[in-house]
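Once you know that position 410 of the sequence shown is 409 in numbering that gives the first Met the number 0, the rest is easy, because the numbers rise by one and skip nothing. Think of the CB as a built atom: it goes at the ideal place given N, C-alpha and C, for glycine as much as any other residue. See structure below.
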Amino acid sequence: MLQAVMMLLGSVVGQAAPVAADELQIEVRRLVRQLDARELVDREAAEKTLIEKGPKVLDLLPPDGGTASAEVKLRLGRIRVQLQKQQAAAAAAESEITLKGERLALDEIFRSIEAQTGNKIAVSAGGQGPAIAPVRLTVDYSNAPFWPTFDEILDRTGLTLYSFAPDRSLQVSRARDGAISRRANAAYSGPFRFAPARIDASRDLRTARDSSLALTIEVAWEPRFRPISLQQRMSEIEVSDERGKPLPVVTGEAILEIPVSAEAIGTEIRIPIEAPPRSVEKIAQLRGALRALMQGKSETFTFELPKAEKSEQRAAGVRVILEQVRKNRDVWEIRITARFDDAAGALASHRTWVYDNPARLITPSGEEIPFHAFDSVRQTENEVGVAYFFGIEGDLQGCKFVYETASSVLSASFDYQFSDIRLP
0 MLQAVMMLLG
10 SVVGQAAPVA
20 ADELQIEVRR
30 LVRQLDAREL
40 VDREAAEKTL
50 IEKGPKVLDL
60 LPPDGGTASA
70 EVKLRLGRIR
80 VQLQKQQAAA
90 AAAESEITLK
100 GERLALDEIF
110 RSIEAQTGNK
120 IAVSAGGQGP
130 AIAPVRLTVD
140 YSNAPFWPTF
150 DEILDRTGLT
160 LYSFAPDRSL
170 QVSRARDGAI
180 SRRANAAYSG
190 PFRFAPARID
200 ASRDLRTARD
210 SSLALTIEVA
220 WEPRFRPISL
230 QQRMSEIEVS
240 DERGKPLPVV
250 TGEAILEIPV
260 SAEAIGTEIR
270 IPIEAPPRSV
280 EKIAQLRGAL
290 RALMQGKSET
300 FTFELPKAEK
310 SEQRAAGVRV
320 ILEQVRKNRD
330 VWEIRITARF
340 DDAAGALASH
350 RTWVYDNPAR
360 LITPSGEEIP
370 FHAFDSVRQT
380 ENEVGVAYFF
390 GIEGDLQGCK
400 FVYETASSVL
410 SASFDYQFSD
420 IRLP
């Protein structure tokens with residue numbers, strides 16, 4: 000019966016979604032026209048309403064205002080800025096979990112969390128430790144934040160995570176004997192989880208004074224979250240002992256740039272601290288802020304070949320231009336340019352995330368052909384040019400070139416705080 004109800008709901012939603020999308024598109028077009036209304040109050044109302052509709056209307060706004068008046072273009076620019084800020088705030092928010100039931104199987108709980116959040120969860124079958132015994136839990140969560148809730152479930156079942164799984168999944172395994180509570184040891188901010196992992200003290204025996212202290216913080220993020228890079232400014236870290244006396248961070252003006260690979264869901268930050276006198280027993284409080292560059296919503300751009308050469312498409316804050324399609328000896332070369340309104344530094348030469356963007360050919364029969372090589376042909380502050388090479392015989396008549404990229408680059412800061420970290 001439940002399956003039948005779910006199938007019926009899916010059918011209704013499937014029919015309603017296109018209708019709702021069409022209605023939204025019509026409404027956006029009407030409001031864009033109203034941006035050029037005779038009365039100021041009407042123009043202001045249209046701008047306000049478009050902003051209130053949220054980031055879902057970004058793709059429905061006309062590119063660059065088209066042939067609209069200067070005022071309409073100005074208002075559309077303001078609207079885009081506000082909607083992209085909303086998009087950044089949404090991307091930086093934690094996922095939420097709603098789940099209630101008695102004696103639910105652990106696998107059932109994990110599958111529900113995975114479906115609600117988009118965070119892939121994998122349970123160890125013994126490869127990284129003992130196989131996990133069947134467990135049942137009674138749970139009652141309503142719009143609960145992801146990380147604290149997930150940590151609580153792991154604590155209740157004697158489980159933990161392998162933080163550096165290679166396939167962007169949360170690898171659940173049996174916790175070691177004596178492991179402390181994950182929830183009690185962590186700080187949470189948006190999609191991030193921060194936890195002090197270890198603290199090291201050392202002394203150089205060749206000098207009278209040279210001693211040091213280093214705190215390593217383990218940083219994990221939800222797998223659905225796609226940071227481009229992370230940055231820790233040492234000047235934004237404050238440390239104090241149990242008497243409230245500051246413990247200076249060494250190289251306090253340094254900026255730690257943390258590159259993030261496409262498959263990563265965690266990293267570590269090492270904070271060097273001036274070693275305090277032996278009378279100091281603990282770090283009473285540590286506050287910090289981690290900055291993140293993030294990919295906005297992913298968009299798919301499809302070009303009909305070969306006629307699409309020199310054509311361009313836009314979605315939200317990015318324009319993709321199909322520059323050239325040509326036969327280069329035994330391979331086809333397809334050159335594109337991805338141009339962002341504001342890449343916010345995400346296209347700096349040492350950041351290579353954009354080269355992980357999916358690109359493929361689709362033949363008239365529906366076969367998908369991945370590129371076998373690519374070459375960077377241009378990289379500036381806000382745009383990147385890439386040549387993709389495909390080994391396909393014959394011409395490209397009837398083929399499609401499909402490219403995916405983030406529609407914008409977003410930035411946000413995430414605060415964290417720890418207390419009572421005992422010194423060695």
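For residue i, three-class secondary structure by DSSP
{"i": "VAL426", "result": "There is simply no residue 426 to check, as the chain begins at 0 and stops at 423 in what is shown."}
{"i": "ASP341", "result": "coil"}
{"i": "LYS72", "result": "helix"}
{"i": "ILE25", "result": "helix"}
{"i": "MET5", "result": "At MET5, the pLDDT of 38 sits below 50, so the modelled position is not reliable and the matter cannot be decided from this model."}
{"i": "SER123", "result": "coil"}
{"i": "GLU252", "result": "coil"}
{"i": "ILE78", "result": "helix"}
{"i": "VAL31", "result": "helix"}
{"i": "SER410", "result": "strand"}
{"i": "PRO54", "result": "helix"}
{"i": "ARG182", "result": "coil"}
{"i": "ALA87", "result": "helix"}
{"i": "LEU59", "result": "helix"}
Residues near residue i in its chain [Cβ-Cβ closer than 8 Å; skip 5 each side]
{"i": "GLU241", "result": "VAL279, GLU280, LYS281, ALA283"}
{"i": "VAL134", "result": "ALA104, LEU105, THR156"}
{"i": "GLN33", "result": "ASP41, ARG42, ALA44, ALA45"}
{"i": "GLU113", "result": "LYS119, ILE120"}
{"i": "TYR140", "result": "ILE96, THR97, LEU98, LYS99, THR148"}
{"i": "THR243", "result": "Residue identity differs from the one stated: residue 243 is Gly in this sequence, not Thr. Within the same chain, GLY243 has close Cβ partners ALA283."}
Bridge partner(s) assigned by DSSP for residue i
{"i": "GLU367", "result": "ILE361"}
{"i": "ALA405", "result": "SER297"}
{"i": "PHE417", "result": "LEU285"}
{"i": "GLY384", "result": "THR336, ARG377"}
{"i": "GLY157", "result": "In the DSSP output, where bridge partners are listed per residue, GLY157 has none listed."}
{"i": "GLU93", "result": "The partner list for GLU93 (beta bridge, DSSP) is empty, contrary to what the question assumes."}
{"i": "PRO245", "result": "SER239"}
Cβ shell of residue i (< 7 Å), same chain only, five flanking positions each side left out
{"i": "THR250", "result": "MET233, PRO271"}
{"i": "PHE417", "result": "ALA186, PRO195, LEU285"}
{"i": "ALA174", "result": "GLY157, LEU158, THR159"}
Limits of the alpha helix (DSSP H) - the one that residue i falls within
{"i": "LYS47", "result": "39 to 51"}
{"i": "GLN115", "result": "105 to 116"}
{"i": "PRO305", "result": "Element bounds for PRO305: n/a, residue is neither H nor E."}
Continuous beta strand (DSSP E) stretch holding residue i: start and end
{"i": "PHE193", "result": "191 to 202"}
{"i": "TRP352", "result": "Unbroken run through TRP352: none, as it is neither H nor E."}
{"i": "ARG325", "result": "317 to 327"}
{"i": "SER210", "result": "210 to 220"}
{"i": "THR66", "result": "Premise fails: THR66 is in no beta strand (DSSP E) and is neither H nor E."}
{"i": "PRO271", "result": "265 to 273"}
{"i": "PRO144", "result": "135 to 144"}
{"i": "ILE131", "result": "Looking at the DSSP string, ILE131 is not in any beta strand (DSSP E), and its letter there is neither H nor E."}
{"i": "GLU262", "result": "It is not in any beta strand (DSSP E) - GLU262 carries neither H nor E in the DSSP assignment."}
{"i": "ALA314", "result": "311 to 314"}
{"i": "ARG232", "result": "226 to 232"}
{"i": "GLN396", "result": "Here GLN396 belongs to no beta strand (DSSP E), and DSSP marks it neither H nor E."}
{"i": "VAL279", "result": "Careful: VAL279 lies outside any beta strand (DSSP E) and carries neither H nor E."}
{"i": "ARG173", "result": "169 to 173"}
Spatial neighbours of residue i in its chain, beta-carbon cut-off 6 Å, leaving aside the 5 residues before and after
{"i": "TYR387", "result": "ILE333, ALA358, PHE370, PHE373"}
{"i": "ARG202", "result": "SER210"}
{"i": "GLN323", "result": "ARG334"}
{"i": "ARG421", "result": "LYS281"}
{"i": "ARG318", "result": "GLU311, ARG338"}
{"i": "ALA345", "result": "ILE227, LEU292, VAL408"}
{"i": "GLY117", "result": "ARG223"}
{"i": "PHE302", "result": "LEU321, PHE400"}
Supposed contact pair residue j and residue i - C-beta distance, whole angstroms, cut 8 Å
{"i": "ARG290", "j": "SER412", "result": "5 Å"}
{"i": "ALA90", "j": "GLY316", "result": "That belief does not hold up - the Cβ atoms of ALA90 and GLY316 are roughly 13 Å apart, past 8 Å."}
{"i": "ASP199", "j": "ALA213", "result": "5 Å"}
{"i": "GLU403", "j": "SER297", "result": "6 Å"}
{"i": "GLU262", "j": "ARG167", "result": "6 Å"}
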